[in-house]
C-alpha cells in the first residue's frame with residue numbers, strides 16, 4: 001500500500017527525491033571524492049541555492065553538520081563562554097538548554113507550560129503583552145539567584161520582561177518552531193528582542209519550520225535546521241548559518257584558549273568551507289539531494305510554498321476546531337504552520353491505527369503527551385490533496 | 001562509461017548497495033520514525049550483524065556516530081581527562097592528536113616519517129626490534145619535557161621503548177591503517193602494549209581497514225570506523241565500539257563534573273542504545289544499508305573476504321615491485337592490505353588521468369604527497385578481476 005507520511009520528521013520524501021537518488025547513483029555521487037572538483041561544485045551550488053531560497057546574505061556563513069541536535073552542541077561550544085538563556089517551550093528547547101549544561105556552561109531558562117507561547121514585555125518599545133500563563137525563570141547557578149528572582153517577579157506580573165535579561169547573558173536561544181508541542185515564536189518578537197539587546201547573540205532553531213519560516217538574517221546570529229523535515233530528505237545532514245557577529249565571538253573564545261570543539265568548530269568549518277569542503281567526509285549523497293530539492297523549490301517559488309503551507313495549515317486547524325479532537329495550541333498567534341498538534345479525545349493510539357490502515361502515517365504526541373496527542377506535519381512534500389484525503393478519514 | 005572507484009574512501013559501492021537502496025525506498029525507510037519499532041528492529045539487527053561479522057563480544061557497546069572524524073572527538077571527550085599519547089604515522093593519526101589539542105587536553109605524540117611503521121621495543125617480553133628510522137616523541141606541554149627527553153633518547157637507540165610511556169598517559173591512540181600513507185600497525189604489537197600497560201586505554205582507528213582487520217576486542221578499548229571505505233556505502237555514518245573499561249572511565253569523568261560532550265557522550269549514547277535508538281535523528285538510510293551489506297558479507301564469509309583482500313594486495317604489491325612505480329611502504333610488515341600507496345616516477349597526475357580515461361578512478365597521494373603518489377583502495381567491493389583490469393593499463 002502506498003503510504004503518506006505526515007510525521008514531523010523523518011517525514012514524507014519531497015516528490016522529486018527518488019528521481020534524484022537514481023540520478024545520483026548514475027553519476028556515482030556516493031563514490032566521488034569529497035576533496036575533488038565535482039564535490040566542490042556541488043558544495044558551491046548547494047550554498048548558492050540555499051542563499052537564494054532562504055535569502056541568506058553573503059555576510060553569513062553556511063556550514064554543514066550531521067543533525068539539528070549536533071547544531072545545538074556546536075552553537076554552545078562556539079559562541080558561549082559562560083551564560084546562555086533558553087526560552088523553553090518544549091522538549092527540543094529543553095534539549096538545547098541541556099546541551100549547555102552538559103558542556104559545563106551556566107545556562108538559564110525561561111519556561112512556559114507545554115502548548116503555550118511566550119508573552120514578551122517590550123517596555124522600551126511601549127508594546128506590552130498581557131500575561132496569560134504561569135511562567136518562571138530557572139537558573140542552574142546559585143550566583144544568578146538574585147537576577148532570577150527579580151526577573152521571575154517581573155515575569156509573573158507582565159509576561160517575560162525582556163529588560164530582565166541578565167547583563168552577562170551572551171546568547172539567547174529560541175526554538176522557533178517547537179516540534180514537540182507545535183508552538184511557534186513569531187519572528188517579530190525575536191527581532192524586537194535583538195533590537196533592544198543588539199550586543200547579545202541570537203540562536204534560532206528552525207529544524208521543523210525551514211524553509212517555511214521567513215527570516216531576516218541581519219537580525220539573527222545563528223540559525224540551524226536539518227533536512228528530514230521541511231526539505232523532505234533522508235536524515236543525516238544539518239545546516240547552520242552563522243553571522244559575522246557570531247563568528248567573531250568564536251574567534252574571541254578561541255583566542256582566549258577556550259575549548260570550542262575540534263573538527264566542527266566554526267574556525268575549522270570556515271577553513272574547509274573556503275575550499276568548498278568539510279573537515280570530515282560528509283554525507284555527500286544527502287548534500288546532493290538537498291541541492292536538487294532546493295533547486296526544485298526555487299522553480300516552484302518560495303512564496304508559493306509558504307502560501308500553500310499556510311493554506312494547508314488553515315484547513316487543518318479549521319477542521320479540528322470543529323471536531324471533538326481540538327488543536328492543542330489555543331492561542332492562534334503561537335500556532336505552528338508546519339507541525340500541527342491535535343488533542344485526541346479517545347487517545348492517540350486508536351486515531352493513529354485508524355489512519356495507518358488507510359496508509360496515512362501521523363506522529364504520536366511527544367514524551368508525556370504521547371498517548372493523548374497526534375502530530376501532523378505540514379511540510380512542502382504534503383499536498384493540499386493529501387491533507388484533504390487525511391481529513392476525510394476523521 | 002562504467003567507472004570503478006579504487007579511491008580510498010568514498011569508494012566503490014559494495015555490489016549489492018544499489019539494490020538495497022531501491023528496496024529501502026520501497027519500504028519507506030527514509031520516512032520511518034527513528035523512535036518507532038521498525039527502526040528499533042533495524043538497529044538491533046545491525047548491531048547483531050556487526051557482532052557476528054567482526055566478532056564483537058556482548059561486553060562491548062556499539063554506538064552510531066556520523067563519521068570517523070567525529071569518533072576521534074568523542075573518544076578524547078569521553079575517556080581522557082588530561083593526557084593521551086598518539087602514535088603518528090600520517091595525516092589521520094595527526095588529526096586524532098590535533099583533536100586532543102583542540103579539546104584542551106595535554107596530548108603527546110610519537111611520530112615516524114611518512115611511509116614508515118613503528119618499531120616497538122618490548123623490553124619485558126624479551127622481544128626487541130631494531131631501530132631503522134629517526135623518531136621523536138613530541139610533547140605539547142613543557143611540564144612533560146623531561147619524560148619526553150628520556151623517551152626520545154631511548155627511542156633513538158632501540159625504537160619506541162614502550163616502558164617509556166608516561167605513567168600519567170590515560171589513552172594510547174593508534175591509527176591501525178593510516179589512509180594517507182598506506183602504513184599499517186600489526187595488531188600483535190598493539191596487544192603486546194596493552195598487555196604491558198593493562199591500566200591504559202587503547203583507541204584504535206580502523207576507518208580504512210574494517211572489516212578486513214581481525215581484532216581481539218578483549219584487548220582493545222575503543223575501536224571506530226566509517227562506512228564509506230571497506231563497507232562500500234555512501235558516507236555519513238560512523239561506528240564506535242566501546243569496552244567496559246572505557247565506559248567506566250567515561251562514568252568517572254562525568255562524576256568528576258568534567259565536560260564529556262553533550263548528546264553524543266557515551267552515557268547519552270548508552271541511554272538511547274538500550275532502547276535501540278540514538279539521541280539524535282541518525283542517518284537511518286545508511287544504517288539500513290550497512291545492516292544489509294553486513295548480512296551480505298556474512299553470507300560470503302569474513303574469512304573469505306579477508307583471504308581475498310590479501311590475495312588482491314599481493315597481486316598489487318608484487319606488480320609494483322616489478323615496475324618503475326614502486327610501493328611507497330618499503331617494510332612489508334607495515335604494508336596496508338587495504339590501501340596501497342604507489343610512488344610514481346612521472347608524477348601522479350599523468351597516471352591518474354591515463355587510468356581515468358579507461359574508467360578506473362584511483363586516489364592521488366595525500367597532502368604533500370599528492371603530486372608524487374597514487375593510492376589504490378583494495379576494499380571488499382573491488383574484485384580480483386577489477387585489480388587485474390587495472391594493472392593491465394600500467
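Protein chains in written order, with the numbering used here: chain G, 1 to 394; chain F, 1 to 394. Even glycine gets a Cβ: it sits at the ideal position worked out from N, Cα and C.
Residues in its own chain within less than 6 angstroms of residue i by CB, not counting five upstream and five downstream?
i, result
"residue 269 of chain F", "63"
"residue 3 of chain G", "359, 361"
"residue 370 of chain F", "364"
"residue 191 of chain F", "219"
"residue 246 of chain G", "79, 201, 221, 222"
Kindly identify the DSSP beta-bridge partner or partners of residue i.
i, result
"residue 103 of chain F", "Its beta-bridge partners do not exist; DSSP assigns none."
"residue 383 of chain F", "The partner list for residue 383 of chain F (beta bridge, DSSP) is empty, contrary to what the question assumes."
"residue 335 of chain G", "G:183"
"residue 342 of chain F", "F:327, F:374"
"residue 29 of chain G", "DSSP output for residue 29 of chain G lists no bridge partner at all."
"residue 203 of chain F", "F:173, F:222"
"residue 260 of chain F", "Bridge partners of residue 260 of chain F: none, in fact."
When DSSP labels each residue in this structure, what does residue i get in the three-state scheme?
i, result
"residue 84 of chain G", "strand"
"residue 463 of chain G", "Missing from the structure shown is residue 463 of chain G; chain G here goes from 1 to 394 and no further."
"residue 371 of chain G", "coil"
"residue 309 of chain F", "helix"
"residue 271 of chain G", "helix"
"residue 364 of chain G", "strand"
"residue 13 of chain F", "coil"
"residue 318 of chain G", "helix"
"residue 247 of chain F", "helix"
"residue 97 of chain G", "helix"
"residue 5 of chain G", "strand"
"residue 254 of chain G", "helix"
"residue 354 of chain F", "helix"
"residue 277 of chain G", "coil"
"residue 20 of chain F", "helix"
"residue 168 of chain F", "coil"
"residue 266 of chain F", "helix"
What do you get for residue i, buried or exposed, if any count of 16 or more other CB atoms within 10 angstroms of its CB means buried?
i, result
"residue 335 of chain G", "buried"
"residue 333 of chain F", "exposed"
"residue 205 of chain F", "buried"
"residue 238 of chain G", "buried"
"residue 394 of chain G", "exposed"
"residue 337 of chain G", "buried"
"residue 169 of chain G", "buried"
"residue 301 of chain F", "exposed"
"residue 257 of chain F", "exposed"
"residue 395 of chain G", "With chain G covering 1 to 394 only, the question about residue 395 of chain G has no answer from this structure."
"residue 392 of chain G", "exposed"
"residue 287 of chain F", "buried"
"residue 298 of chain G", "exposed"
"residue 233 of chain F", "buried"
"residue 244 of chain G", "exposed"
"residue 341 of chain G", "buried"
Ordered along the chain, which non-local residues of its own chain (more than five positions away) have a Cβ less than 7 angstroms from that of residue i?
i, result
"residue 260 of chain F", "77, 78, 250, 253, 254"
"residue 180 of chain F", "90, 91, 92, 366, 367"
"residue 129 of chain F", "Residue confidence is low: residue 129 of chain F scores 43 on pLDDT, short of 50, so the model does not pin down where it sits. No coordinate-derived value is stated."
"residue 347 of chain G", "371, 372"
"residue 153 of chain G", "With a pLDDT of 44 at residue 153 of chain G, under the threshold of 50, the modelled position of that residue is not reliable, and the figure given next carries that caveat. For residue 153 of chain G, where only same-chain residues beyond five positions count, there are no Cβ hits under 7 angstroms."
"residue 291 of chain F", "42, 45, 46, 49"
"residue 240 of chain F", "63, 65, 71, 74, 222, 224"
"residue 282 of chain G", "34, 64"
"residue 321 of chain G", "327"
Which same chain residues end up closer than 8 angstroms to residue i when comparing Cβ atoms and leaving out the 5 residues on each side of it in sequence?
i, result
"residue 267 of chain G", "250, 251, 254, 260"
"residue 95 of chain G", "69, 72"
"residue 284 of chain F", "29, 30, 32, 34, 39, 42"
"residue 51 of chain F", "57, 58, 62"
"residue 397 of chain G", "Because chain G in this structure spans residues 1 to 394, residue 397 of chain G falls outside the shown range and cannot be described."
Any heavy atom of the ligand SAH within a distance shorter than 7 angstroms of the CB on residue i?
i, result
"residue 55 of chain G", "With respect to the ligand SAH, the structure shown offers nothing to examine, as it has no ligands at all."
So within the region 33-80 of chain G, which uninterrupted beta strand (DSSP E) runs reach at least 3 residues, ignoring any that extend past its ends? You should have 61-65.
Complete beta strand (DSSP E) runs within the region 210-244 of chain F (minimum length 3 residues, chain order): Within the region 210-244 of chain F, the complete beta strand (DSSP E) runs of at least 3 residues are 222-226, 238-242.
Taking any Cβ of chain B, which residues in the region 54-70 of chain G have a Cβ under 9 angstroms from it, in chain order? As a matter of chain content, chain B is missing from the structure shown, whose protein chains are G and F.
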